[in-house]
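Using our numbering, the first residue of the sequence shown is number 105, and each one after it goes up by one.
Have a look at the structure below, then the notes.
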Amino acid sequence: MPTVESLRQILSNVPFPGFSRDIVSTGTVTKIELEEGVVTVKLRAENTDDATRQQIAEAVRRALADQQGVSEVKVRFAGSGPRRLPVAGQPEPAPAPAPAPSSGPLARNIIGVASGKGGVGKSTVAVNLAVTLARQGRRVGFLDADVHGPSAPLMFGLEGSRPEKADANGRPLPLEAFGVKIMSMGFFVERGNAVIWRGPIVGNFIRQLLTDVAWGELDDLVIDFPPGTGDAQLTISQTIRMSGAVVVTTPNDLALIDALKAITMFRKVEIPVLGIVENMSFFVCPGCGEEHAIFGSGGADRAVRDESIPLLGRVPIDPQVVLESDKGRPVVIDRPDCPAARAYAEIAGAVVEASEAPERPQDGPASFLDRFGGE
Ligand SMILES: Nc1ncnc2c1ncn2[C@@H]1O[C@H](COP(=O)(O)OP(=O)(O)OP(=O)(O)O)[C@@H](O)[C@H]1O
Ligand SMILES: [Mg+2]
105 MPTVESLRQI LSNVPFPGFS RDIVSTGTVT KIELEEGVVT VKLRAENTDD
155 ATRQQIAEAV RRALADQQGV SEVKVRFAGS GPRRLPVAGQ PEPAPAPAPA
205 PSSGPLARNI IGVASGKGGV GKSTVAVNLA VTLARQGRRV GFLDADVHGP
255 SAPLMFGLEG SRPEKADANG RPLPLEAFGV KIMSMGFFVE RGNAVIWRGP
305 IVGNFIRQLL TDVAWGELDD LVIDFPPGTG DAQLTISQTI RMSGAVVVTT
355 PNDLALIDAL KAITMFRKVE IPVLGIVENM SFFVCPGCGE EHAIFGSGGA
405 DRAVRDESIP LLGRVPIDPQ VVLESDKGRP VVIDRPDCPA ARAYAEIAGA
455 VVEASEAPER PQDGPASFLD RFGGE
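Written out as structure tokens, the structure is:
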């Protein structure tokens, strides 16, 4: 005969749609009741769209229905996503309003920088975005959510540093560089010590980096995600309300396919995609000054056109960026007038504009195309 524990075990093999984590370890399954063969599974999936809830409910039913001793499976969701109040004379409730620009006490804007594919330049975009905003006098935090391959300590010139101060409640104070408050897994482990953690532990650690750190008051929190659609993304989307995500891609088709996966993932958990950054877009020949599209072209334009996602900016290939990043000197600090730094600054402006706009520019790509010379 089944027990609550054996049913929980079965459900721990059901993935959250679009993510690598399962619905038990993410806390989506809140309770399982079993009474005379009738199983009631209680679920919590805030910030999740109706289609995804439907998918979860069906997967739960499928997983449990054939179990011996189970005669019926009931699925109950608690805590619905944001809904408009019903309007008289309107049969269906109006679609959910865009989330408020305020994201709770952590920061006014919480911006995730993500990609489907690794190595496309997310961390470089995230660091230069954060430093640019801090140079404008904003109070900026940077959360390195890549617990397996943290790069913030190196890129901010803080390698080997450890959080040494705590607030009155014993919560560590973030480290600081270039006016940005920074937290990273890299401040807690030796470099090169690969951390192999399973999903739930990764989730718990990231949750702690968000909530058990004395961030103080912030205008913006920039989150540097690991590549893909995994634990960190899901944990953060379940823990706080992000203002939006910036998806970084390179111009080629394969990177674009992965970027679209990331966009789909954010849509499933109702996080607005603020726009795309096309990194390593072109190379400006130092000899003739001409622009060359080394990694192909047009990828981001296609996403802008097909998915109605704004293009936030294009960053050229700049070999010096690699050397400067490795030395912990973001390009916007040392060469603020070079084309790459100017692109990052432009992206920072577009990101703040998009995340603070009461109406998110989800369906107005034309103006962005005009601005960046697309079709
Ligand atoms: N515009 C650019 N021009 C030249 N090199 C760049 C540019 N942007 C990033 N790079 C280099 O590309 C490499 C990958 O960049 P980065 O670490 O930012 O990518 P990522 O997407 O965060 O990678 P991961 O998926 O491993 O986290 C780094 O060596 C970085 O210095
Ligand atoms: Mg990275």
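A virtual CB, placed ideally from N, CA and C, is assigned to each residue, including glycine.
Length of the line joining the Cα atoms of residue i and residue j
i: S414; j: F123; result: As written in the sequence, residue 414 is Pro, which differs from the Ser given in the question. C-alpha separation (whole angstroms): 24 Å.
i: P121; j: V317; result: 30 Å
i: G141; j: K135; result: 16 Å
i: F329; j: E280; result: 19 Å
i: G173; j: A161; result: 20 Å
i: D156; j: G432; result: Inspection of the sequence shows that residue 156 is occupied by Thr rather than by Asp. Going by the C-alpha atoms only, they are around 41 Å apart.
i: A149; j: A397; result: 43 Å
i: L358; j: R418; result: 18 Å
i: A461; j: E268; result: 38 Å
i: V456; j: M346; result: 13 Å
i: E263; j: M289; result: 12 Å
i: E508; j: Q158; result: With the chain covering only 105 through 479, there is no way to say anything about residue 508.
i: S207; j: V306; result: Because the pLDDT of S207 is 37, which lies under 50, any placement of that residue in the model is unreliable, and the number read from its coordinates should be weighed accordingly. Cα to Cα, S207 sits roughly 23 Å from V306.
i: L277; j: G241; result: 20 Å
i: C389; j: I421; result: 10 Å
i: M384; j: L111; result: 48 Å
i: G393; j: C442; result: 13 Å
i: A454; j: V251; result: 28 Å
i: G185; j: K146; result: Interpretation of G185 is limited by its pLDDT of 44, a score under 50 that renders its predicted location unreliable; the figure taken from the coordinates is listed afterwards. Taking the straight line joining both Cα atoms gives about 16 Å.
i: L115; j: R212; result: 36 Å
i: F260; j: F282; result: 8 Å
i: V436; j: T236; result: 7 Å
i: A167; j: K365; result: 25 Å
i: V293; j: P119; result: 30 Å
i: F387; j: A452; result: 21 Å
i: K221; j: F370; result: 15 Å
i: L416; j: N356; result: 17 Å
i: I127; j: K372; result: 14 Å
i: E137; j: T130; result: 19 Å
i: A270; j: Q342; result: 26 Å
i: D153; j: I215; result: 20 Å
i: P331; j: W319; result: 25 Å
Buried versus exposed call for residue i [16 or more other C-beta atoms within 10 Å across all chains shown]
i: A230; result: buried
i: M105; result: exposed
i: T333; result: buried
i: S429; result: buried
i: D362; result: buried
i: Q113; result: exposed
i: T354; result: buried
i: V108; result: exposed
i: G223; result: exposed
i: A169; result: exposed
i: A336; result: buried
i: E382; result: buried
i: Q424; result: exposed
i: L233; result: buried
i: A182; result: exposed
i: L427; result: exposed
i: G274; result: exposed
i: S227; result: buried
i: G225; result: buried
i: G245; result: buried
i: A449; result: buried
i: D324; result: buried
Residues sharing a beta bridge with residue i, DSSP
i: H396; result: F387
i: L247; result: M287, I327
i: F146; result: The amino acid at residue 146 is misidentified as Phe; the sequence shows Lys. Answer is K135, R180, bridged to K146.
i: A349; result: G216, V377
i: I421; result: F387
i: P119; result: D126
i: A281; result: V284
i: A238; result: For A238, which the question treats as bridged, DSSP gives no partner whatsoever.
i: L415; result: I380
i: A270; result: P276
CB-CB length for residue i against residue j, believed under 8 Å
i: R243; j: L313; result: At roughly 18 Å, the Cβ-Cβ gap does not stay under 8 Å, so R243 and L313 are not in contact.
i: F133; j: V177; result: Correcting the residue identity first, residue 133 is Val in this sequence and not Phe. That pair is no contact at about 13 Å.
i: L247; j: I327; result: 5 Å
i: S265; j: P257; result: 7 Å
i: G379; j: V352; result: With 8 Å as the limit, G379 and V352 do not qualify as a contact, their Cβ atoms being about 10 Å apart.
i: I340; j: I367; result: Their Cβ separation, rounded to whole angstroms, is 16 Å, which puts I340 and I367 out of contact at 8 Å.
i: R125; j: L338; result: 5 Å
i: S219; j: G348; result: S219 to G348, Cβ: 15 Å. No contact.
i: R406; j: L360; result: 7 Å
i: A238; j: V284; result: 5 Å
Minimum Cβ-Cβ distance from residue i to chain D less than 8 Å
i: K146; result: Annotation note: the requested chain D is absent from the structure, which comprises a single protein chain.
(request) Any chance you could list the alpha helix (DSSP H) runs of at least 4 consecutive residues sitting entirely within the segment 422 to 453, in chain order? (result) Within the segment 422 to 453, the complete alpha helix (DSSP H) runs of at least 4 residues are 423 to 430, 435 to 438.
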